[in-house]
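Trainee: Letter by letter, the sequence shown follows residues 0 to 193 of numbering that gives the first Met the number 0.
The structure under discussion is supplied below as structure tokens; questions concerning it will follow.
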Amino acid sequence: MKFKYILTLALMFIYTDSFADTKKDIEDFVDNNAKRIITVLEEKTTDSEKKAKLTALFYEIVDYEWIGKFVIAKNWNNMNKEQQNHYLESYKKYLSNLYVKKFVEYNNQQYKIVDVSNIGKSHFIAVTEIINPRSSKPRINVAYRIKDSNNILKVIDIIGEGVSLLSTQRADFSSIIEQKGVNDFLKILDKKNQ
Numbered sequence: 000m001k002f003k004y005i006l007t008l009a010l011m012f013i014y015t016d017s018f019a020d021t022k023k024d025i026e027d028f029v030d031n032n033a034k035r036i037i038t039v040l041e042e043k044t045t046d047s048e049k050k051a052k053l054t055a056l057f058y059e060i061v062d063y064e065w066i067g068k069f070v071i072a073k074n075w076n077n078m079n080k081e082q083q084n085h086y087l088e089s090y091k092k093y094l095s096n097l098y099v100k101k102f103v104e105y106n107n108q109q110y111k112i113v114d115v116s117n118i119g120k121s122h123f124i125a126v127t128e129i130i131n132p133r134s135s136k137p138r139i140n141v142a143y144r145i146k147d148s149n150n151i152l153k154v155i156d157i158i159g160e161g162v163s164l165l166s167t168q169r170a171d172f173s174s175i176i177e178q179k180g181v182n183d184f185l186k187i188l189d190k191k192n193q
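Shown next, in the form of structure tokens:
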């Protein structure tokens, strides 16, 4: 009995220590990438050069393929290989356009990391607060769901003021596919990228 108690305590300390290291890794990931994005935004270059750099950073930081498959849900298996490839390429562009536009709206806002929590095996939530004293809403909470896959961290969801990108897009995409079918859905997605 005493051995079980000691073993349980030892495992708790190992887990706590391990999570502390992981928590620091997640905080560093969020902080370093936020600084990289801000550095690009503050460069004295053209908007198209900034957009190209921000898009490259976005592709590096975000697991757009995982997100794309998640939001398309069961419809992924109903697509042939050509449709799947078309969808992933189009979705990658759609998602980056959506967020790179938001990056460009940067106007010297500050951010701070409020909390990092473990929400399952290799999945974490990093909650940040965006501070913009010149706005009618000076503080906005943005959370990032981050996946650790073989020590490679990637963002897999962005939750702004409690609204999940994954949940919203999954519902929207499923509705369009249900009403119009896969081919028309792909055309609609392509059109949004123009």
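Built from N, CA and C at the ideal position, the CB exists for glycine as well.
In or out: K3 buried (at least 16 other Cβ within 10 Å) or exposed?
Mentor: Walking along the sequence shown from the start, residue 3 turns up at place 4. For K3, the predicted structure reports a pLDDT of 47, less than 50, and the residue's modelled location is therefore unreliable. The matter cannot be settled from this model.
Trainee: Could you tell me which of D24, D30, D62 and I37 sits nearest to K92, measuring between CA atoms?
Mentor: Taking the first residue of the sequence shown as 1, we reach residue 92 at position 93. The option with the nearest alpha carbon to K92 is D62.
Trainee: Could you say if the region 105-116 and the region 30-46 meet the contact criterion of at least three C-beta pairs nearer than 8 Å?
Mentor: The region 105-116, when compared against the region 30-46, does touch it at the 8 Å Cβ threshold.
Trainee: Does DSSP put D62 in a helix, in a strand, or in coil?
Mentor: The residue labelled residue 62 in the question sits at position 63 within the sequence shown. Here D62 sits in coil by DSSP.
Trainee: To the nearest angstrom, how far is the alpha carbon of I71 from that of D27?
Mentor: As a first step, residue 71 must be located in the sequence shown, where it is residue number 72. As a first step, residue 27 must be located in the sequence shown, where it is residue number 28. Their backbone Cα atoms lie some 31 Å apart in a straight line.
Trainee: Is the beta carbon of I124 less than 7 Å from the beta carbon of I118?
Mentor: The sequence position of residue 124 within the sequence shown is 125, counting from 1. The sequence position of residue 118 within the sequence shown is 119, counting from 1. Their beta carbons are under 7 Å apart, which means I124 touches I118 by this criterion.
Trainee: Which runs of the alpha helix (DSSP H), 4 residues or longer, sit entirely within the region 23-69?
Mentor: Complete alpha helix (DSSP H) runs here, min 4: 46-60.
Trainee: For the structure I just gave you, are there three or more beta carbon pairs, one from the region 43-58 and one from the region 173-180, closer than 8 Å?
Mentor: Because the criterion of three Cβ pairs below 8 Å is not met, the region 43-58 and the region 173-180 do not touch.
Trainee: Output yes or no for whether 7 Å exceeds the beta carbon distance between A142 and V126.
Mentor: In the sequence shown, counting from the first residue as 1, residue 142 sits at position 143. In the sequence shown, counting from the first residue as 1, residue 126 sits at position 127. Yes, these two residues count as a Cβ contact at 7 Å.
Trainee: Measure the beta-carbon distance from K50 to V99 and round it to whole angstroms, keeping in mind my assumption that it falls under 8 Å.
Mentor: As a working mapping, residue 50 is identified with position 51 in the sequence shown. As a working mapping, residue 99 is identified with position 100 in the sequence shown. K50 to V99, Cβ: 6 Å. Contact.
Trainee: Got a sec? Which residues, its chain only, sit under 6 Å from L53 by beta carbon, not counting five neighbours each side?
Mentor: On the sequence shown, residue 53 is found 54 positions in, with the first residue counted as 1. V39, V99 and F102, listed in sequence order.
Trainee: Under a three-way DSSP split, which group does N140 fall into?
Mentor: Within the sequence shown, numbered from 1, the residue matching residue 140 stands at position 141. DSSP places N140 in strand when its eight states are reduced to three.
Trainee: Could you pull the start and end residues of the alpha helix (DSSP H) that K190 belongs to?
Mentor: For the purposes of this step, residue 190 is taken as the residue at position 191 of the sequence shown. Start and end: V181 to K191.
Trainee: Specify the secondary structure class of Q168 as computed by DSSP and reduced to three states.
Mentor: For the purposes of this step, residue 168 is identified with residue 169 of the sequence shown, where counting begins at 1. Three-state DSSP puts Q168 in a helix.
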